[in-house]
Amino acid sequence: MTFKEALKSKKFIITAELFPPKGTNIQPLLEKARLLRGKIDGFNVTDNQRAVMRLGSLAICRLLQEQGCDPILQMTCRDRNRIALESDLLSASVLGIENILVLSGDHPTQGDHKEAKPVYDLDPVQLLKTARTLETGVDLVGKKLDGSPQFCLGAVVNPLADPLDLQLAMMEKKIEAGAEFFQTQPIFDSKLLETFVAKTKEFNAKILIGVFLLKSAQVAIFMKEKLGINISSHYIDRLQQATSPLDEGITIAGELISQMKPHVDGVHIMALGMEEHIPGILNKVK
Amino acid sequence: MIITKQKELNKILEQLKGKSKVFVVGCAACATKCATGGEEQVKAMAEELAKNQKTITGTIVLDTPCDMRIVKKDLLNNDKARQAESLVLLACGAGVQSIAQVCTDIYLVPVLDTLFLGSIERLGNFNQYCSLCGDCIIDETGGLCPVTRCAKALVNGPCGGAIGGKCEVNSDQDCVWILIYEKLNKNTAHIKKYRKIKSNTSITKPQRIKSR
Ligand code: SF4
Ligand code: SF4
Chain A
94 MTFKEALKSK KFIITAELFP PKGTNIQPLL EKARLLRGKI DGFNVTDNQR
144 AVMRLGSLAI CRLLQEQGCD PILQMTCRDR NRIALESDLL SASVLGIENI
194 LVLSGDHPTQ GDHKEAKPVY DLDPVQLLKT ARTLETGVDL VGKKLDGSPQ
244 FCLGAVVNPL ADPLDLQLAM MEKKIEAGAE FFQTQPIFDS KLLETFVAKT
294 KEFNAKILIG VFLLKSAQVA IFMKEKLGIN ISSHYIDRLQ QATSPLDEGI
344 TIAGELISQM KPHVDGVHIM ALGMEEHIPG ILNKVK
Chain B
7 MIITKQKELN KILEQLKGKS KVFVVGCAAC ATKCATGGEE QVKAMAEELA
57 KNQKTITGTI VLDTPCDMRI VKKDLLNNDK ARQAESLVLL ACGAGVQSIA
107 QVCTDIYLVP VLDTLFLGSI ERLGNFNQYC SLCGDCIIDE TGGLCPVTRC
157 AKALVNGPCG GAIGGKCEVN SDQDCVWILI YEKLNKNTAH IKKYRKIKSN
207 TSITKPQRIK SR
């Protein structure tokens, strides 16, 4: 079943994120992908994430597809103007890549090329609309295309954002612009998840909730204090006391997925370079 | 108002290498308000240059150096300016180039960096609220400009990264989308404006306006 078919079905969907390397050594990434093949429904490939220059997402997506993994091409608005974005959407299409996740993208000042010009010519809502426009056989200026693409479009939402109503209003805008699925920031808090799920019930899009693999108590404390992500002290204690914090993190991620499973469309696993542990997480899911 | 800041003196002296006679020009409008190119700064610059072995043939603070008519009237035929080998200009990029258009045969040294169109909170505190995009949309955003005040210029924001109301890119700045939303949310008729998808902004604006 492809990712797109899974979205249309009642299946509990699992996606995960893979990071292209900084350089040309793609073997480690392809090995991780092979480990996950058949176990997850979609492989997000990030687009110079954290504004750090890396190998391109499109090339990796194509390589994954050749390995039998269904890729989700992440496209940020940070580095390309509308000409380049439209052109890359067409390129993705002819390479057989139909799943696209649209994001604004971290600002260059947060990455490793701090002096780079931030583009943001289109915003995510406009980029979603642009992709839908190309599907109708014309480009953004109304010129006719010789052959038109088809996409399965997604976007991101942050259920932890305050005010939440503003995120939800923005989410509705993204749906109106063409988003069929959403992937979220990681949630550790079941109360918050409950609220978010209740408020998005009527939305005409599948929502894959972010699940983060905590490899240590330090990471959890950093996320809590610096990123404002609500991680209960119960989890932090467990990580602190564990002889192997990573194993404990794997168990916690598995528990989170088990708790979410009855209530949500699916999950999006963020293992931050430790994707080889995703099968371990999935084994813990009840 | 155009916000400017003065370059480092050593950079200015570098540009003036080999020129001994200089004439200093200031601006009575924005650069005076900014305290970068008014009477006081022109005088200070002249003194500083004199200390560095330059002969000051004279100084002037033009009303508006960005107005070529003023440049023609008050600078072009100024005797003291004509005695100089170089003009040292305490004006913004528009002022410097208006002077360059008019005074074509003299070496120019701009000494201000032109930063942005700013709103003054108080002296020394300037905020960029408008980036002159040429296609104003703030009637739809509660009078707050996302093109300029959102770090990612999202016109259909927010991005979802704000923490405690502050922008994810710069924690000193409020997330303008939260401000916009709070303002529009006070009125049900206005919140509809948020829901409307704003189309692609255009940066094709005129670079030149000619009435005749
Ligand atoms: S939208 Fe913003 S940048 Fe454009 S003209 Fe209006 S205030 Fe200025
Ligand atoms: S946090 Fe707010 S102001 Fe900053 S980039 Fe995101 S939407 Fe724009």
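Heads up: the sequence lines are chains A and B, in that order.
Position 257 of the first sequence, counting from 1, maps to 350 under our numbering, and the rest follow consecutively.
Position 74 of the second sequence, counting from 1, maps to 80 under our numbering, and the rest follow consecutively.
Even for Gly, the Cβ is constructed at its ideal location relative to N, Cα and C.
Quantities reported herein were computed from a predicted structural model and do not represent experimental measurements.
Once you ignore the five residues that flank residue i on each side, which residues in its own chain have a CB closer than 7 angstroms to its CB?
{"i": "A/V360", "result": "I107, L301, I302, V304, I350 and M353"}
{"i": "B/T110", "result": "none"}
{"i": "A/I324", "result": "F281, A313, M316 and K317"}
{"i": "A/I268", "result": "F296, N297 and A298"}
{"i": "B/V48", "result": "V30, G32, T65, V67 and L96"}
{"i": "B/A168", "result": "E174, C181 and I184"}
{"i": "A/G230", "result": "K237, L238 and S241"}
{"i": "B/Q107", "result": "M74"}
{"i": "B/I197", "result": "L190 and N191"}
Just checking my contact of residue i with residue j at CB under 8 angstroms: how many whole Å lie between their CB atoms?
{"i": "A/L285", "j": "A/P242", "result": "Actually they are not in contact, since the Cβ atoms of A/L285 and A/P242 sit about 37 angstroms apart, beyond 8 angstroms."}
{"i": "A/L183", "j": "A/A248", "result": "Contact doesn't hold; Cβ gap of about 20 angstroms is too wide."}
{"i": "B/I8", "j": "B/L123", "result": "6 angstroms"}
{"i": "B/T10", "j": "B/L82", "result": "Not really, about 23 angstroms apart at Cβ, beyond 8 angstroms."}
{"i": "A/N137", "j": "A/L157", "result": "Contact flag wrong, Cβ pair sits at about 10 angstroms."}
{"i": "B/P71", "j": "B/S92", "result": "Wrong, their Cβ atoms sit about 16 angstroms apart, outside the cutoff."}
{"i": "B/T147", "j": "B/Y135", "result": "The Cβ separation is near 12 angstroms, so there is no contact."}
{"i": "A/Q203", "j": "A/A144", "result": "5 angstroms"}
{"i": "A/R175", "j": "A/L215", "result": "5 angstroms"}
{"i": "B/I102", "j": "B/Q21", "result": "In the sequence as displayed, the identity of residue 102 of chain B is Val instead of Ile. Not quite, the Cβ-Cβ distance comes to about 12 angstroms (not below 8 angstroms), so this is no contact."}
{"i": "B/Q89", "j": "B/T42", "result": "Contact doesn't hold; Cβ gap of about 26 angstroms is too wide."}
Which residues in the same chain as residue i place their Cβ atom closer than 8 angstroms to its Cβ, once the five residues preceding and following it in sequence are excluded?
{"i": "B/D80", "result": "I66, L68 and D69"}
{"i": "B/D178", "result": "K172"}
{"i": "A/D232", "result": "E179, T226 and L238"}
{"i": "A/G321", "result": "L253"}
{"i": "A/G189", "result": "R155 and Q158"}
{"i": "B/S26", "result": "Q59, K60, T61 and E91"}
{"i": "A/Q260", "result": "V250, N251, P252 and A254"}
Could you name the residues of chain B that residue i contacts, counting a contact when the two beta carbons are closer than 7 angstroms?
{"i": "A/H200", "result": "A157, K158 and V175"}
{"i": "A/L238", "result": "In chain order: nothing, as chain B lies at least about 18 angstroms away."}
{"i": "A/V218", "result": "N162 and I203"}
If you follow the alpha helix (DSSP H) that residue i is part of, which residue opens it and which one closes it?
{"i": "B/T38", "result": "C36 to K39"}
{"i": "A/Q334", "result": "S326 to Q334"}
{"i": "B/V31", "result": "From DSSP, B/V31 is part of no alpha helix (DSSP H) but of the beta strand (DSSP E) over K27 to C33."}
{"i": "A/P121", "result": "Q120 to L129"}
{"i": "B/S104", "result": "G99 to V108"}
{"i": "A/G373", "result": "I371 to K377"}
{"i": "A/L259", "result": "L257 to A270"}
{"i": "B/Q47", "result": "E45 to K57"}
Would you tell me roughly how many angstroms separate the C-alpha atoms of residue i and residue j, rounded to the nearest one?
{"i": "A/Q334", "j": "A/N376", "result": "23 angstroms"}
{"i": "A/P338", "j": "A/K97", "result": "35 angstroms"}
{"i": "A/T288", "j": "A/M263", "result": "17 angstroms"}
{"i": "B/V225", "j": "B/P152", "result": "Since the first residue of chain B shown is 7 and the last is 218, residue 225 of chain B is not available in this structure."}
{"i": "B/G140", "j": "B/Q213", "result": "10 angstroms"}
{"i": "B/C142", "j": "A/H370", "result": "50 angstroms"}
{"i": "A/G240", "j": "A/A224", "result": "14 angstroms"}
{"i": "B/N58", "j": "B/A37", "result": "24 angstroms"}
{"i": "A/Q167", "j": "B/D73", "result": "49 angstroms"}
{"i": "B/K17", "j": "A/L151", "result": "45 angstroms"}
Where do the ends of the beta strand (DSSP E) carrying residue i lie?
{"i": "A/D282", "result": "Looking at the DSSP string, A/D282 is not in any beta strand (DSSP E), and its letter there is neither H nor E."}
{"i": "A/E110", "result": "I106 to L111"}
{"i": "A/G359", "result": "G359 to M363"}
{"i": "A/S337", "result": "That residue, A/S337, is in no beta strand (DSSP E); it is neither H nor E in DSSP."}
{"i": "B/T131", "result": "Reading off the sequence shown, one finds Asn at residue 131 of chain B, where the question assumed Thr. Unbroken beta strand (DSSP E) run through B/N131: N131 to Q134."}
{"i": "A/F296", "result": "Careful: A/F296 lies outside any beta strand (DSSP E) and carries neither H nor E."}
In chain order, what residues of the same chain lie with their CB nearer than 6 angstroms to the CB of residue i, ignoring the 5 residues before and after it?
{"i": "A/I329", "result": "A310 and A313"}
{"i": "A/H356", "result": "V290"}
{"i": "A/G373", "result": "I343"}
{"i": "B/S125", "result": "N133 and Y135"}
{"i": "B/E45", "result": "V67"}
Which residues of chain A have a Cβ atom closer than 9 angstroms to the Cβ of residue i, listed in chain order?
{"i": "B/R201", "result": "A262, E265, K266 and E269"}
{"i": "B/Y135", "result": "The contacting residues do not exist; B/Y135 stays about 18 angstroms from chain A at best."}
{"i": "B/I76", "result": "Those do not exist, as B/I76 stays about 35 angstroms from chain A at its closest Cβ, beyond 9 angstroms."}
For a contact meaning CB atoms closer than 7 angstroms, what does residue i contact in chain A?
{"i": "B/C165", "result": "S197"}
{"i": "B/A52", "result": "Near B/A52 there are no residues of chain A at all, since even the closest Cβ is about 35 angstroms away, more than 7 angstroms."}
Chain B partners of residue i, CB-CB under 9 angstroms?
{"i": "A/Q203", "result": "E174 and V175"}
{"i": "A/V138", "result": "Within chain B, no residue comes near A/V138; the closest Cβ sits about 20 angstroms away, beyond 9 angstroms."}
{"i": "A/L332", "result": "Within chain B, no residue comes near A/L332; the closest Cβ sits about 23 angstroms away, beyond 9 angstroms."}
{"i": "A/P355", "result": "Chain B residues near A/P355: none, gap ~26 angstroms exceeds 9 angstroms."}
{"i": "A/L178", "result": "The premise fails here: A/L178 is roughly 11 angstroms from chain B at the closest Cβ pair, so nothing lies under 9 angstroms."}
Determine the chain B residues that contact residue i at a beta-carbon separation under 8 angstroms, and present them in chain order.
{"i": "A/N251", "result": "G166 and G167"}
{"i": "A/G213", "result": "Here residue 213 of chain A is Tyr; the residue named in the question, Gly, does not match the sequence. The contacting residues are K158, A159 and L160."}
{"i": "A/G321", "result": "I169 and G170"}
{"i": "A/R175", "result": "N206"}
Taking Cβ-Cβ distances shorter than 8 angstroms, what residues in chain A pair up with residue i?
{"i": "B/I144", "result": "Correct list: empty, because the minimum Cβ distance to chain A is about 16 angstroms."}
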